[in-house]
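By UniProt numbering, the letter at position 239 of the sequence shown is numbered 239, and the numbering carries on one by one without gaps.
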Amino acid sequence: MVLCPVIGKLLHKHVVLASASPRRQEILSNAGLRFEVVPSRFKEKLCKASFPTPSAYAVETAKQKALEVARRMHQKDLRAPDVVIGADTIVTIGGLILEKPVDKQDAYRMLSRLNGKEHSVFTGVVIVHCSDRDGRLHTEVLDFYEETTVKFSELSEELLWEYIDSGEPMDKAGGYGIQALGGMLVEHVRGDFLNVVGFPLNHFCKKLAQLYCPPCPGDAWGAERDSIPAVDTFEDLSDVEGGGGSDPAWGDRGSCGGEEAGAAPPPAPGPRDTDLNGAVEEKRPPFPTGLLELMEGFKASKALFTACKLNVFDVLRDQGPLKAVDIARKINASVRGTGRLLEACAALGLLHKTDAGYSNTEAADLHLVSDGAHSLHGLAVYNDSHVWDLFTHLDLAARDGAEQARGAAGMKADRLFQSAETTLLFMRAMHGLSKLTARDVATAFDLSRFTSACDLGGCTGALAHELAREYPRLQVTVFDLPDIIEHARAFQPDGQRTEHIRFVPGDFFTDALPRAQLYVLSRVLHDWPDDRVHHLLTRISSCCEPGGGVLVAEAAAMEEEEAAAAAAARRRGLQPLGALLLGAGRPRSARELGQLLRRHGFRDVRVAPAGDLLRVVLGTRAAP
Ligand SMILES: Cc1cn([C@@H]2O[C@H](COP(=O)(O)OP(=O)(O)OP(=O)(O)O)[C@@H](O)[C@H]2O)c(=O)[nH]c1=O
């Protein structure tokens, strides 16, 4: 990929992002950078008046954030980093620097100031190269900043308060997030949009190119070149690190970092390079960041699950910010243990930590609390209590097949749900996931020509509600196992029309299917092996009148997109394991699903994406 080499220069290094900002993490990981997140503990309290410009303040804050992390990691001697990246975003208007609001009133003061006017957003960035010299940390700091101007529309008081009440302003400089609801407040932007969001990626790449690209012979710009080099120059970059010479750009641009200061260039020496003392150094293998992440990944999941299980996010949503000791009391846990768990959650970007204590991030408020329209709490609890146990026995499943693993985890193979409690656990997990995707599935195609639908395996009816909401003429039947239907009532949303939805108990492999023009199979087929899928589609096909349809939603990528959707691919990559442990099914691509539908008498088969997770395939029953 042509854009990779400049970011690729960091792939062999242990890179740390000294920031808890989820936006920075997203911007950099979207650009292909691999890094560890270690939020800085530096308190953003430098005296603003002592800086000549707002940008100098942002740069110094970014520098102190990064250096604090570099020193802490060096002291602990744990996976000491090669490079630490720090950043600080501020909003300035009329000489005033606005950081993150401390409460709603503060957010209101900030937004009123910005209302109808143009302001500047500065992000200061530092790239700190670290090395160990006789046990002492040596740092070299490269810094820069980027300015973007943003103009707000004239906004009514009501709108400002509505925006503040959405909760979005609280963890954002200036009290708004241009990338989300805050985008609606903005009339125009001059400059780098991502700079406003929290990280000036373009400028960062230029700096990396300066750092790692030696001046080409005859290049009039030399080390001062300040634009991303042409693609073929990028390709040349792949070997320059091995050149072993000093880095002119670094020498010119870098500033020394306090007590750790020194003059040596940061890049590592080449394959077998001679250093100034004549000693020969072996080339270090690339730092296995990805592997280490995989090895540690389960701890991150467990921290999230545990905080959900102990209702940490509920407590903080209702009463945060709170100190660890108060949270411990409220969740009935030890202060020491709670403190550790909270630290871990903050490091994972699930919580914010400030002087006032811990508070939820936006994502935690939305998805990790136990109630609310977008809650995935049930999924976390299900994964923790049920899927976790099964995966503990993955070795057994791999060796002997699923039955052994299920047995070891205490599950009887002949019965899906052991008790009402496990049924509810499963239903809560599915409910959260279905609600997350229901709208995308319901609107992937225009289904308004149908007046009746049957959602097979429709569980709590989350998709049925969305279908009924989207298509007022549609009558939807949710068809699922009696155990499920018995508990479905508990999941019905208050105040939503339910007369268009009915719940019918039954087994779609054996019982008569309710009559409907459209049959829906949302995330059902991957649970079943080919023979069962054929059996089910044969049954649907024989019930479906010509002109009727079948709608299949699965976490299946379109083949041509597979390489691009790396994260989704990773999720899909784990699906066969889930199938091994949970049943004999398998994931199927959209193309394969389309072929299946054609084979069972459906024509005009079309595929559409439904959000990031799912693909939806719609087929129309041809005349037999
Ligand atoms: C203007 C604007 C800002 N932000 C966020 O505001 C925080 C600034 O605060 P910071 O002190 O620079 O960073 P932080 O979040 O406290 O993290 P850290 O680096 O650990 O100090 C960062 O998050 C940015 O994304 C947005 O998400 N959208 C916007 O439109």
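Note that the Cβ used here is the ideal one computed from N, Cα and C, for glycine as well.
**Message:** Tell me the DSSP secondary structure of N360 in three-state form.
**Reply:** Annotated three-state conformation of N360 is strand, per DSSP.
**Item:** As assigned by DSSP and simplified to three states, the class of V196
**Value:** Three-state result, V196: helix.
**Request:** Quick one: which unbroken beta strand (DSSP E) runs of 3-plus residues sit fully inside the segment 431-495? Chain order, please.
**Result:** Within the segment 431-495, the complete beta strand (DSSP E) runs of at least 3 residues are 452-456 and 475-480.
**Asked** In its own chain, which residues sit with a C-beta less than 8 Å from the C-beta of A380, not counting the 5 before and 5 after it?
**Response** So the list reads L304, F305, C308, K309 and L368, once near-sequence residues are dropped.
**Prompt:** Can you tell me the Cα-Cα spacing of S40 and I164, whole angstroms?
**Reply:** The C-alpha of I164 is placed about 27 Å away from the C-alpha of S40.
**Prompt:** Would C47 be called buried (16 or more neighbouring beta carbons within 10 Å of its own) or exposed?
**Reply:** Exposed, because fewer than 16 other Cβ atoms sit within 10 Å of the Cβ of C47.
**Prompt:** What is the DSSP secondary structure of P609, reduced to helix, strand or coil?
**Reply:** DSSP places P609 within a strand segment (E or B) once states are collapsed to three.
**Local conformation of V315 per DSSP, three classes** = Three-state DSSP puts V315 in a helix.
**Message:** For a minimum of 4 consecutive residues, which ranges assigned as the alpha helix (DSSP H) are wholly contained in the segment 107-172?
**Reply:** Runs of the alpha helix (DSSP H) inside the segment 107-172: 157-165.
**Prompt:** How is I178 classed by DSSP in three states: helix, strand or coil?
**Reply:** Per DSSP, reduced to three states, the secondary structure at I178 is coil, with no helix or strand assignment.
**Message:** Output needed for P101: all residues of its chain with C-beta closer than 7 Å, excluding positions within five of it in sequence on either side, in chain order.
**Reply:** Closer than 7 Å at Cβ, skipping near neighbours: A107, M110, P169, M170 and G175.
**Item:** the segment 502-517 touching the segment 470-482, judged by at least three CB pairs closer than 8 Å
**Value:** Under the 8 Å Cβ criterion, the segment 502-517 counts as touching the segment 470-482, having at least three qualifying pairs.
**Asked** So, are the CB atoms of residue 635 and D82 less than 9 Å apart?
**Response** Look at the range of the chain in this structure, 1 to 624, and you will see that residue 635 is not part of it.
**Prompt:** DSSP puts H352 in a beta bridge; with which residues?
**Reply:** DSSP output for H352 lists S359 as bridge partner(s).
**Asked** According to DSSP, is T53 helix, strand or coil?
**Response** Coil.
**Message:** For the beta strand (DSSP E) containing E545, name the first residue and the last one.
**Reply:** Taken as a continuous stretch (DSSP letters only), E545 belongs to no beta strand (DSSP E), as it is neither H nor E.
**Request:** Could you tell me whether the Cβ atoms of C454 and P546 are closer together than 9 Å?
**Result:** It is not a contact, given that the beta carbons lie outside the stated cut-off.
**Message:** By alpha-carbon positions, which one of A70, L96, F35 and M73 ends up nearest to Y57?
**Reply:** Relative to Y57, the option among A70, L96, F35 and M73 whose CA is nearest is L96.
**Request:** Verify the contact flag: Q105, CB atom, against every heavy atom of ligand 1, threshold strictly below 8 Å.
**Result:** No, since every heavy atom of ligand 1 falls outside the 8 Å radius drawn around the Cβ of Q105.
**Asked** Once you ignore the five residues that flank R71 on each side, which residues in its own chain have a CB closer than 7 Å to its CB?
**Response** Answer for R71: L137, listed in chain order.
**Prompt:** Hey, is the segment 347-363 in contact with the segment 319-328, meaning 3+ C-beta pairs nearer than 8 Å?
**Reply:** Three or more beta-carbon pairs separated by less than 8 Å link the segment 347-363 to the segment 319-328, which places the two stretches in contact.
**Request:** Go ahead and pull the three-state DSSP assignment for F509.
**Result:** It is coil, neither helix nor strand.
**Message:** Taking the beta carbon of Q75 as the centre, do at least 16 other beta carbons fall within 10 Å, making it buried, or is it exposed?
**Reply:** By the neighbour-count rule (16 or more Cβ atoms within 10 Å), Q75 is not buried but exposed.
**Message:** Quick check: is the beta carbon of A420 nearer than 9 Å to any beta carbon in chain D?
**Reply:** Absent from the structure is chain D; it holds one protein chain and no more.
**Request:** Kindly indicate the opening and closing residues of the alpha helix (DSSP H) around A397.
**Result:** Counting along the chain, A397 sits inside the alpha helix (DSSP H) bounded by residues L394 to D400.
**Item:** 8 Å contact criterion, which R399 and F199 should meet: CB distance rounded
**Value:** Contact flag wrong, Cβ pair sits at about 46 Å.
**Inter-residue spacing [alpha-carbon to alpha-carbon] between T92 and F193** = One alpha carbon belongs to T92, the other to F193, and they sit about 16 Å apart.
**Message:** Mapping the DSSP letters down to three states, classify D326 as helix, strand or coil.
**Reply:** It is helical.
**Asked** From K9 to N30, what distance separates their C-alpha atoms?
**Response** Rounded to the nearest angstrom, the two C-alpha atoms are 16 Å apart.
**Request:** Find out if the Cβ-Cβ distance for the pair V617, G594 is shorter than 9 Å.
**Result:** Taking 9 Å as the Cβ cut-off, V617 and G594 qualify as a contacting pair.
**Prompt:** Residues bridged to A87 by DSSP?
**Reply:** BP columns for A87 point to V125.
**Request:** Whole angstroms is fine: what's the gap from K151's alpha carbon to S112's?
**Result:** Rounded to the nearest whole angstrom, the CA to CA distance from K151 to S112 is 13 Å.
**Prompt:** Would P493 be called buried (16 or more neighbouring beta carbons within 10 Å of its own) or exposed?
**Reply:** By the neighbour-count criterion, in which 16 or more other beta carbons inside 10 Å mark a residue as buried, P493 falls on the exposed side.
**Neighbourhood of T620 by C-beta, 7 Å cutoff - its chain only, sequence neighbours within 5 removed** = Within the same chain, T620 has close Cβ partners G547, G549, F602, R603 and D604.
**Prompt:** Smallest Cα separation from residue 653: which of I7, H352 and A346?
**Reply:** There is no way to answer for residue 653, as the model of the chain reaches only from 1 to 624.
**Prompt:** If you draw a straight line from the alpha carbon of K435 to that of A622, how long is it in whole angstroms?
**Reply:** Cα to Cα, the separation comes out at about 32 Å.
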